[in-house]
Structures are given as C-alpha cells and as structure tokens.
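A short worksheet on the structure shown next.
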Amino acid sequence: MSYHANARGYYGRFGGAYIPEMLYPNVEELRQNYLQIMQEESFQKEFNDLLSDYVGRPTPLYFAERFSKQYNTKIYLKREDLCHTGAHKVNNTIGQILMAKKLGKNRIIAETGAGQHGVATATVCALMGIECVVYMGAVDIERQAPNVARMKMLGAKVVPAMSGSKTLKDATNEAIRDWINNPTDTHYIIGSVVGPHPYPDMVARFQSVISKEVEIQLQEKEGRDHPDYVVACVGGGSNAAGIYYQYLDRPEVGIIAVEAAGKGVKSGHSAATSALGREGIIHGSKTLLMQTDDGQITEPYSISAGLDYPGVGPMHAHLFDSGRGEFISITDRQAMQAGLMLSQLEGIIPAIETSHALAIFEDRKFKPDDVIVINLSGRGDKDLNTYIDYFKL
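Under the numbering used here, the residue at position 190 of the sequence shown is numbered 210, and the numbers go up by one with no gaps.
This is how it looks when you write it as structure tokens:
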C-alpha cells in the first residue's frame, strides 16, 4: 500500500475533488497542469534558487541536547522557524506563486489562521509584484495582530471573515467564494494539504523539501538517512506532510501526528479530529471531519490559531484510518508547558502549534537510542501575547 496520492487525488478512500460546478474550471486547469509545470527544468531551477537564496534553505537539523536529556532519548528539531517569514509556510507559497505565473494569473487570494500562511503569501506577492487578498477570521485577526500588521506592510489586503466561529474554516469559505467569482485571473494559494485535488498533493510536494533535507542531514549526523520517528503537529497538516513525505512508504520510520485537544477531547472545546471526527466533505475533499449527527460542521477550538480547524487533510485521514500514523491529542495546558520548557532548556521559543508536538514526551515514552525528528514549524514571536497572558509574564 502507498500512502501518497493516486492519479485521482485519493489517499485510500480520502481525497478527491468535491466542488461546485462554478469552481470546476479553476480546479481542472490546475489539475491538468501542475505536475507538468513542476517537472519543468526552468520551474525547478527558479523554485530551488528562491528556496536557497530567499527563504534561506536548507534549514538546520538541530540536536536538542538538554531537551533530549530531559526525556532520555535523542530529539532533533527541524528548524523551519528559521525560514524567511518565520515558518515552513513559505516553501509552499514560493512554489504556488511560480505556478500562478506559469498559468498567467495576476491576482492571488489566500486564507489564513495563525497568520503565518497569510504572511508567507503576502511576502511572495510582494516579491513578484502581484495583487494579494488574504481572508482571515475576525477572531484570529484579533489574536494574531502582529501577523496582520505584517501582511498589511507587505501590501496585502486583509479581509475579515465574520461568519461562523470567525476562524480558519470561515476564512477558507470566504476565499472559495472569491475564487468562484473571479475564475479567470485569480489563483487561490491554499496553505495546507486540504482542499480539492490537486491541492493536497501539490502542497505536500512543495513541502517535501523538509524531509528531503532531513535525509541528507541525518546521514551526516547519525550515519543513516532516516529517524525512528517523525513527529509533527496537525491542523490541516502541511508541516506534517512535509516532514513525513519521504518516509510515508518506509515502515521502519514511525509517523506520529499530534492534534489539539484544546480544553480536553471530550470537553466540547477541542480540535482533535482523529478522536472526534468521521468521514465527511469539507472545502472540496473527503476526509475526517468533526460534525454533528446530521452532518453540520462542529466548531473547533484550540489555543493555537493554526490548529483551530475541524478536519485534517486527506493524507492524514488515511494515515489514521490505515493505522500507519499514531495520533496523539494534546491539551492547551500541556502544549503551553512544553513551549515554556523548550524555551528554557534550548533558548528556542516555539510557535504554540509546534508546542503540541513537543508535549508528547510526558506520556509517550521512547528508548534512549531512538532518533526522533520533530518539525519545528514556526516561531513563537507571533504567539507572544498568548504566552504572556497564559503565564502572566
């Protein structure tokens, strides 16, 4: 069994393209061209040059010695927080802005939750001189104010989503509506491995640079190209897809996905899709989705804006459904404590999203010689106000 997408965009029984008729031309144009464009030598050269000279890749693979001693195992951190713009999101936006140019688009729209994808999109639009509109939930605009200011400084228009819970799900709805109304000149840069085919596969391919670098870096540091486990937080799941990608079909590597339990899986304030979700369709793909008995989407909750999403990408739904991935739910309290611990043991303030992945070691035990790679997907600068409020700093 392969854990990559098939030609129709399915991961097992999840994936596909469930879209309204008015959106079909946009998605079909992309589906028919994305693999061919990505394989062009000129595209690969420009993509790799920008990743190197603009984004700052390769990012370091850092052995966290004091954090490792704390849990008596070997923990490496893939430092995506050191990418330009502060998170892994820019790997994908660099790729998609080049894809948009190849398709002749002169307007970009995007959705964002924590603001990292919005900043990454606004950045590449400024770089290329292309109009940029970012949809963001009104609640997230308030709790991620520094990233909103960054997007505006970069020339993007930030449009608040006022419906529903006023978070990422609602921002995505608004972006899709915009795309339907602007089918010819606009490309929608989706920031995670969600949405209709080919987005989950395309975004995962752009983010696969993360695990490709890990293979090379671990060979230098450990004399082998694979860890025993790769670990990442999962909301939609883009950073996880990137760190898993090269290891999806290698059973010797354990895959651990960490979701936001919020105030507790059964508290009614959670975003733990693997525990609470069932098969459904959201934003154009079949996946695991938190919903009521009659199919209405359940409002998610997490202290982390980037994990505040009621579903997961179809790749992750398949990893859970097949048993290939081990899914762990972490509460707000556990994540915040883990973020504080990494700050004080390693001098690295992580994004709260990543803090969920760092929190697994209190309960999930590993052997002393296990090699574990955690994708440190973003910086905690954007979450400083949340850290200040939580710890009364």
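Glycine residues also receive a C-beta, built at the ideal position from the N, C-alpha and C atoms.
Inclusion of N112 and D205 in the CB contact set at 8 Å is not warranted, their separation being larger than that value. As DSSP reads the structure, K177 sits in a beta bridge with V153. In the displayed model, R33 falls within coil according to three-state DSSP, outside both helix and strand. Its chain contains E131, V179, A181, A191, E194, A195 as the residues whose beta carbon lies nearer than 6 Å to that of Y155, once the 5 sequence neighbours on both sides are disregarded; these appear in chain order.
In the three-state reduction of the DSSP assignment, I128 falls in the strand class, which pools E and B. Boundaries of the alpha helix (DSSP H) harbouring K109: 109-122, taken from the DSSP string. In the DSSP secondary-structure assignment, Y249 is bridged to G274, I392. When the beta-carbon positions are compared, L362 and F83 stay at least 8 Å from each other.
If one requires a minimum length of 3 residues, the beta strand (DSSP E) runs lying completely within the segment 177-233 are 177-181, 206-209, in chain order.
For Q64, the closest alpha carbon among the candidates R28, D403, L118 is that of L118.
Per the C-alpha coordinates, the member of I317, Y329, D248 positioned closest to G257 is Y329. When DSSP states are grouped into helix, strand and coil, T79 belongs to the coil group. A107 sits away from C145, with the two beta carbons spaced by 8 Å or more. In the displayed model, P334 falls within a helix according to three-state DSSP. DSSP, reduced to helix, strand and coil, places I95 within a strand of the structure shown. Judged by beta-carbon spacing, Y265 lies beyond the 8 Å limit of Q237, meaning their Cβ atoms are not closer than that value. Y38 is classed as exposed because its beta carbon has fewer than 16 other beta carbons within 10 Å across all chains shown. Apart from sequence neighbours up to five positions away, the residues of its chain that approach M58 with a beta-carbon distance below 7 Å are R225, ordered along the chain. The beta carbons of G345 and P218 sit no closer together than 8 Å. Setting aside the 5 residues that flank it on each side, G367 has no residue in the same chain whose C-beta is closer than 7 Å to its C-beta. Between the alpha carbons of W199 and N405 lies a distance of about 33 Å. If only uninterrupted beta strand (DSSP E) runs of at least 3 residues are considered, those enclosed by the segment 353-397 are 391-396.
Where G345 is concerned, the enclosing beta strand (DSSP E) starts and stops at 345-351.
In the structure shown, S88 adopts helical secondary structure according to DSSP, grouped into three states.
Following the DSSP letters along the chain, one finds L102 in no beta strand (DSSP E), marked with neither H nor E. Three or more Cβ pairs closer than 8 Å define a contact, and the segment 279-286 falls short of that threshold against the segment 166-174. Around K402, the same chain offers G106, A134, G135, Q136, Q164, P166, N167, A371 as residues with beta carbons nearer than 8 Å, after the five sequence neighbours per side are excluded.
Going by beta carbons, P334 and P220 fall inside the 8 Å limit.
By the CB criterion at 8 Å, N395 and E85 fall outside the cutoff. Taking the Cα positions, S375 is about 5 Å away from A355.
Taking C-beta separations shorter than 8 Å and ignoring five residues to either side along the sequence, the partners of V273 in its chain run H246, P247, D248, Y249, V250, Y267, following chain order. The C-beta distance from V234 to I275 rounds to 13 Å, too long to meet the 8 Å contact threshold. D269 is the residue among G211, R197, D269, V214 whose C-alpha sits nearest the C-alpha of S231. CA-CA distance, A27 to R399, rounds to 35 Å. Closest in C-alpha terms to I392, from the list R244, G138, G76, comes R244. With fewer than 16 other Cβ atoms from the protein chains shown falling within 10 Å of its own Cβ, D314 counts as exposed.
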